[in-house]
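Counted from 1, the sequence shown has number 392 at position 392 by the UniProt record's numbering; the numbering is strictly sequential.
Ideal Cβ placement from N, Cα and C applies to all residues, glycine included.
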Amino acid sequence: MDQPSPPPTMRRSIPDTYAGRTLFITGATGFMGKVLVEKLLRDCPELKCIYLLIRTKRGVDAAQRKDEYLKHLVFDRIRETNRAQLDKIRLVRGDILEDDLDIANGDQAELAENVEVVFHCAANVRFDQELKQAVNYNLNGTLRVLRLAERMKRLVAFVHVSTAFCQCNEAVVEERAYPAPHSPLGISKLADLVDSKVLDLVTPSLLNNLPNTYAYTKALTEDLVNGFRDRLPVAIARPTVVIAAWREPIPGWIEGTHGPTGLMIGGGRGVIRTMHCNPEYDSGLMPVDVTMNGVIILGAERMNTGFQQNTLFCNIASGNVNPITWGDALEAGRKKLYDNPLCFSLWYPDGSIKSNYLYHMLCVVLFHYLPAYLIDFLLIILRRKPFMIKIQKKISQGLNVLQYYTTKQWVFNNDRMCAMYGRLSEKDRQTFFFDMSGLDWPSYFRDYILGVRQYVLKEPPATLPKARRLLRKLYIMDKLVQAAIYALILWLVWSYWDVVIGSIQFVLDSSVDGVRKAFVRGTRA
């Protein structure tokens, strides 16, 4: 990273800072949570113990749940090199949605006595969730964790993982507190008292200029956490757009279909052919391993600075170090998708981004809905169940949500993140890498797409030859259909040439005659 004169290094290395510590992590079964747990176990080998809050599964006891969790492929490297580290994982049965986190009294007492560091990663990241649900998960869930943290006698750091986009109304997002849109506790009480249907009616007025309930509840949650700064050593991490792993635990590893991953799948299947987006705007894309390294660094910083009745806000953003615009990202993704296509596609992947909204909507009608209606019509004739309109409606809903972020520009100030990284020793910078200057975006997108195929769509590399043959067939079909459409247009023009020319001539004659009459009337006047 570009830095002014390097500041003094941290008093202790990051592994030494976490050595002997007992941690409590929520959201450990999620995409970011797994990466956090794996990284801490592998590169902070002297940490004492990690408690993970895990929901119970019917018919599965705690031991089976732990085995199931640790068998995940992200822990393969640890199993091969230092299997004993996995014994430091302890599962705590509970639920972020329940009072007192639904943790047994004995477990609560154990956590209160032993935990020193909390990473609160649990969140409902759906943009289209009802406000009542979003409040209960993101806001009330965080409040429950904070109340548990108040009982932790040895707590030295509470790191809340937020999002850089909870301050959407700010063109420049600084690493500081922002006023909440409403009182967090007031909204919490409102959501408890008011019926979901009634709450949905007032949601637009509550959101005001914020795009969705996720951003709204995350903004409230930041204010809630900041309100505990006089009681707890709190820090707030604000990641940007988190996508597949760059280097660790596995290059290209990804889970879920949110955000850009969903776009990649929809485009690869040929069902997304247009998107409203400004290609010149910074995408804010960040690999998950870089992001979680930033979160770990923030946790160490909070421990080293001690309890000062303040909140350490940190934007986990690349800043001006090797950013990528939406246009470059989508173009790189498209090229690598042609090299590594998906096994199942409804049509040849094609299309483009549109900065003009009206042009985009015209393309939605022509290339999304019109083909969908035609396909469903043919399916009905063939006595098959239609499905394309349903798919396109879901795609349109997803695009409408995502396009808020692809048509706006934000600047995320990351001075604190850069300063913290600059204070690390060279060894820690190599281990907990945050400098993205060495990231080659085209190579990264190749790994990303291969990761989507293998880990999300369950299409192993051995299926690539089959997928490439399908892509060639779809390409030929696409060109034949285009040729047929152009031929139809030419035939219509040729067949009705006289009518077209006559109509044009009539319009011109009428216009000239009208102008002549108006001129004569004006001359007489």
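For residue i, is the classification buried or exposed, using 16 other Cβ atoms within 10 angstroms of its Cβ as the cut-off for buried?
i           : result
Arg453      : buried
Gly438      : exposed
Ile316      : buried
Trp491      : exposed
residue 533 : The structure shown does not extend to residue 533, since the chain is modelled only from 1 through 525, so no value can be given for it.
Met477      : exposed
Glu459      : buried
Asn138      : buried
Phe412      : buried
Ser162      : buried
Ile54       : buried
Arg21       : buried
Glu46       : exposed
Gln409      : exposed
Phe506      : exposed
Lys48       : exposed
Tyr486      : exposed
Tyr357      : exposed
Trp326      : buried
Lys189      : exposed
Pro349      : buried
Pro179      : exposed
Ala122      : buried
Arg154      : exposed
Asn208      : exposed
Gln167      : buried
Val499      : exposed
Using only alpha-carbon positions, find the residue among the options that is nearest to residue i.
i           : options                           : result
Phe274      : Leu470, Ser355, Gln309 and Phe387 : One point to set straight first is that residue 274 is Thr, not Phe, in the sequence displayed. The candidate whose alpha carbon is nearest that of Thr274 is Ser355.
Val242      : Cys168, Thr261, Asp128 and Pro371 : Thr261
Phe367      : Ile380, Trp347 and Lys48          : Trp347
Thr142      : Ala104, Leu210, Lys458 and Leu220 : Leu220
Asp102      : Val145, Arg126, Ala235 and Gly299 : Val145
His276      : Pro45, Ile395, Lys88 and Val161   : Ile395
residue 593 : Leu155, Gly186, Arg334 and Cys418 : Because the chain here runs from 1 to 525, residue 593 falls outside it and cannot be looked at.
Val407      : Tyr281, Tyr448 and Phe433         : Position check: residue 407 holds Thr in this sequence, whereas Val was assumed. Cα-wise, what sits closest to Thr407 is Tyr281.
Ile187      : Asn136, Arg83 and Ser352          : Asn136
Ile265      : Leu41, Tyr51, Tyr455 and Val481   : Tyr455
Trp441      : Arg238, Pro349 and Ser283         : Ser283
Tyr444      : Val321, Pro251, Gly256 and Thr291 : Pro251
Arg384      : Ile375, Arg151 and Gln392         : Ile375
Arg90       : Gly270, Asn114 and Leu97          : Asn114
His160      : Tyr178, Val295, Met361 and Val364 : Val295
Leu97       : Gln482, Ile449, Lys132 and Thr17  : Lys132
Thr463      : Glu426, Pro341, Val499 and Cys363 : Pro341
Phe313      : Phe119, Asn226, Arg151 and Ile381 : Asn226
Phe432      : Val234, Ile25 and Val290          : Val290
Phe158      : Met303, His72 and Lys71           : Met303
Gly30       : Leu52, Asn414, Arg334 and Tyr338  : Leu52
Ala235      : Glu301, His258 and Lys197         : Glu301
Asn414      : Ser13, Glu150, Arg79 and Arg176   : Arg176
On the DSSP bridge assignment, give the partners of residue i in chain order.
i      : result
Pro287 : Ile243
Val118 : Phe24 and Phe158
Ile89  : Ile50
Thr274 : Ser352
Lys57  : Val60
Val295 : Answer is none; Val295 lacks a bridge partner.
Phe412 : Val173
Asp100 : DSSP output for Asp100 lists no bridge partner at all.
Asp282 : Thr325
For the alpha helix (DSSP H) containing residue i, list its first residue and its last residue.
i      : result
Ala487 : Leu464 to Ser495
Phe445 : Trp441 to Gly451
Ala372 : Leu370 to Ile381
Pro15  : Ile14 to Tyr18
Phe31  : Phe31 to Asp43
Arg144 : Gly141 to Glu150
Tyr455 : Neither: Tyr455 is in no alpha helix (DSSP H) and is coded neither H nor E.
Met436 : No alpha helix (DSSP H) holds Met436; DSSP gives it neither H nor E.
Val401 : Met388 to Thr406
Leu424 : No alpha helix (DSSP H) holds Leu424; DSSP gives it neither H nor E.
Ile265 : Pro260 to Gly268
Ile78  : Asp76 to Thr81
Give the range of the beta strand (DSSP E) segment to which residue i is assigned.
i     : result
Cys49 : Cys49 to Ile54
I'd like to know if residue i contacts chain D, where contact means its C-beta is closer than 8 Å to some C-beta of that chain.
i      : result
Val241 : Given the protein chain composition of this structure (a single chain), no chain D is represented.
Q) Which whole runs of the alpha helix (DSSP H) in the stretch 164–244 are 4 residues long or more, in chain order? A) 184–193, 196–207 and 213–226
Q | Complete runs of the beta strand (DSSP E) confined to the stretch 297–341 [at least 3 residues] | A | 312–316
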